[in-house]
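Worksheet: one structure, shown below.
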Amino acid sequence: MKLTAKPLAVILFVILFGSIIFTTAMNWWQTESQKVPATFTEGEAAGEYNPADIRGSYTFQDIENSFKVPVEDLAKAFAIPADRDAAAYAIKDLETLYAVQAEAGTEIGTGSVRYFTALYTGLPYELVEETFLPAPAVELLKSKATLTVEQLAYLEAHSIALEVPMTTLTQVPTEEVKLEEENTDTILKGKTTFQELLDWGVSPEFIVSTIGAAIPAPGVKVKDYCTEANLNFEEIKVVLQAEIDRLNP
Amino acid sequence: MTIAKYWNKFTRRRIWVRNLVQIFFFALIALISVNHTLAESGKGIPFLSSASLHALCPFGGVVTIYQYAVSGTFVQKIHESAFILMIVGFILAILFGPVFCGWICPFGSIQEWFGRLGKKIFKRRYNRFIPAKFDRWLRYLRYLVLAWIVYMTAASGSLVFAEFDPYFTLFNLWSSEIAIGGLIILVVTLAGSLFVERPWCKYACPYGAVLGVSNLFRIFRIRRVAGTCKLDGACDIYCPMNIKVSDKTIVRDHQCISCLECTSEARCPAAGTVDFVAGAK
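Protein sequences appear in the order of chains V and W.
Take the first sequence: its position 107, counting from 1, is numbered 99 in my numbering, and each next residue is one higher.
So the mapping is simple: my numbering equals the position in the second sequence, first residue as 1, plus 1.
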């Protein structure tokens, strides 16, 4: 059977565009991400969405939809300008927002959002490259996530202070500012949080050895934790206060 | 010159319909790529796809095979459409050989168009600059490129080739997505096309390397009938891939791109001597 150019051209068009039409009709033809990450196939997180599969094309709303991380927290963590629609903010745009940091070798981009999301949700995540987070993201994780000593140390070492004028950033809730202002004395009280212990210089290792477990979410009150963990708050308080006094004479 | 004369010149002893198909796909991809940029600022052209080039490149499907097999996901920037186009490319290759390269690929087309300028400059010396003893081995370079890209993509889970892809660069010259590596390769390739026909296809194209394998088992093949052959070498001279068709009965060369320029429909002066036929052995 001999084939010449014109029938070949027709066959090419029929096969190529026929395939596209057919797969479109079957809803298989997708030219952009479904904005739904892959799920873990094994381990304790099997069935959960995998933060490592977050793509640069995802918006903060997509992250909230899959990982239940509120858009407001993402906007605050990554200091998205207040005049931008945080829900529609594409993660890849962080590269532009943090171009200065990228030039300095401390890129904040898709990898940062993946790591932030993993820590925020407590999902497994393997760091394949050095990852930096803006300081507000680190502060937010300290207050809302359950971090291990290693994770806390990594975050402290990879926190990038922002030089962007704060007026352009998402406003930090006033209660948090007040909280920082109120606790300038170094007396361990019923409302003292683990974050305050850390701020007063108590090392994560000392806290871990005192409470006999990993530090919970830094925003958790020490007293509440002790009650929940069946620990004697008064005894713990004496040990921690001695360390605080030693560090803050 | 009248339109009729232009048309006569255009269609004279060449597979002109292939040229029309090439222009169509080049224009289509260029328009889609421009529309992709416009759509990002909310000014996209209605009724025209605004997909990214990665979504429309069948080689994207090839590089994501490993990740898809292992985790069921695609490499970043690659989507289902690229996977589907890869399968279509394979079907076409099994039927007709690397017809995607010779008829559809816009980057192959632009090399050919630059090559026409080279032919005007160098006449018969064009496409004959590289000594055969080197050229023969250089043709296998594209398999090394293919192996490197497939390995690096599997190892990193990212589209490493995007940093060097001259095709992607060509259609994103106006965007901020191009990389300096891709730009250098694009310029070198187009400049090289003035001396050698389709240099990227011959020496470096990883997708051409994949499709080229189909020349060993494709259904429709280039067949030369020795009994009626005038041995004038026209088929050899006009083959863009420098395949010596005149000493073969069936062309199984891994570089054939099924352009049909060697056939009796185009350059071969003897009717029914070099044809594109099914089942030839």
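The beta-carbon is built from N, C-alpha and C at its ideal position, and this holds for glycine as well.
Please read all numbers here as calculations on a predicted model, not as lab measurements.
List the residues that DSSP assigns as beta-bridge partners of LEU125/V. SER151/V
Whose C-alpha, out of GLN26/V, SER25/V, ILE12/V, ALA(-3)/V, is nearest the C-alpha of VAL22/W? ALA(-3)/V
I'd like the span of the alpha helix (DSSP H) that includes ILE72/V, first residue to last. Neither: ILE72/V is in no alpha helix (DSSP H) and is coded neither H nor E.
Does the CB of ALA28/W have a neighbour CB from chain V at under 9 Å? no
What residues of chain W sit near ARG238/V, judged by a beta carbon separation below 7 Å? The premise fails here: ARG238/V is roughly 48 Å from chain W at the closest Cβ pair, so nothing lies under 7 Å.
Pick from ILE100/V, ILE207/V, TRP21/V, THR33/V that is closest to HIS150/V, judged by C-alpha positions: ILE100/V
Could you name the residues of the segment 106 to 119 of chain V whose beta carbon sits closer than 8 Å to any beta carbon of chain W, in the order they occur along the chain? none
Which listed residue (ALA67/V, VAL63/V, VAL141/V) has its alpha carbon closest to that of PHE198/V: VAL141/V
Who pairs with ASP237/V in a beta bridge, going by DSSP? DSSP output for ASP237/V lists no bridge partner at all.
Using 9 Å as the limit for Cβ to Cβ distance, is LEU57/W near chain V? yes
Chain-ordered chain W contacts of SER11/V [CB-CB under 7 Å]: ILE85, VAL89
I believe LEU8/V touches PHE221/W by the beta-carbon criterion, under 8 Å. Please report the beta-carbon distance rounded to the nearest angstrom. Their Cβ separation, rounded to whole angstroms, is 16 Å, which puts LEU8/V and PHE221/W out of contact at 8 Å.
Beta carbon of TRP20/V, beta carbon of ILE85/W: below 9 Å? yes
Contiguous alpha helix (DSSP H) assignments of at least 4 residues, all confined to the segment 44 to 112 of chain V: 52 to 59, 63 to 69, 86 to 89, 91 to 95
When you compare the CB positions of LEU147/W and VAL71/W, do they come within less than 9 Å of one another, or not? no
Rounded to whole angstroms, what's the CA-CA distance from ASP216/V to PRO208/V? Just pull it up for me. 11 Å
Of the residues ASP65/V, TYR107/V, GLY182/V, which one's Cα is nearest the Cα of VAL120/V? TYR107/V
In whole angstroms, what is the alpha-carbon distance linking ARG129/W and GLN112/W? 16 Å
Provide the residue span of the alpha helix (DSSP H) that contains ARG143/W, from first to last. 142 to 157
Output yes or no for whether 9 Å exceeds the beta carbon distance between ILE30/W and LEU57/W. yes
Within 10 angstroms of its Cβ, does GLY116/W collect 16 or more other Cβ (buried), or is it exposed? buried
If you scan the segment 88 to 136 of chain W from start to end, which runs of the alpha helix (DSSP H) of 4 or more residues do you find wholly inside it? 107 to 123
Reduced DSSP secondary structure (H/G/I, E/B, other) of THR190/W: helix
Per the contact definition of three or more C-beta pairs closer than 8 Å, is the segment 141 to 160 of chain W in contact with the segment 192 to 205 of chain W? yes
Please state the DSSP three-state secondary structure of LYS181/V. coil
Under 9 Å between the Cβ atoms of THR123/V and SER135/V? no
Sufficient close CB pairs (3 or more, under 8 Å) joining the segment 23 to 40 of chain V to the segment 62 to 73 of chain V: no
State the Cα-Cα distance for the pair LEU4/V and GLN93/V, rounded to the nearest angstrom. 49 Å
Rounded C-alpha distance that separates PHE97/W from VAL18/W: 16 Å
Own chain, CB closer than 8 Å to CYS218/V, minus 5 neighbours either side, in chain order: ILE203, ASN224, PHE225, ILE228
Using a Cβ cut-off of 8 Å, pull out every chain V residue sitting near THR74/W, in sequence order please. ALA30, ASP45
If distances are taken between C-alpha atoms only, which option among THR250/W, GLN256/W, SER53/W, ILE4/W comes closest to SER176/W? SER53/W
9 Å Cβ cut-off: residues of chain W touching LEU180/V: Here the premise fails: no neighbours, minimum Cβ distance about 46 Å.
Could one say the Cβ of TYR93/W lies closer than 9 Å to chain V's Cβ atoms, at least one of them? The question names Tyr, yet the displayed sequence has Leu at residue 93/W. It does; some Cβ of chain V falls within 9 Å.
Please list the residues of the segment 33 to 64 of chain W that have a C-beta atom closer than 8 Å to any C-beta atom in chain V, keeping them in chain order. SER50, ALA52, SER53, ALA56, LEU57
What's the gap between the Cα of PRO47/W and the Cα of HIS80/W? 22 Å
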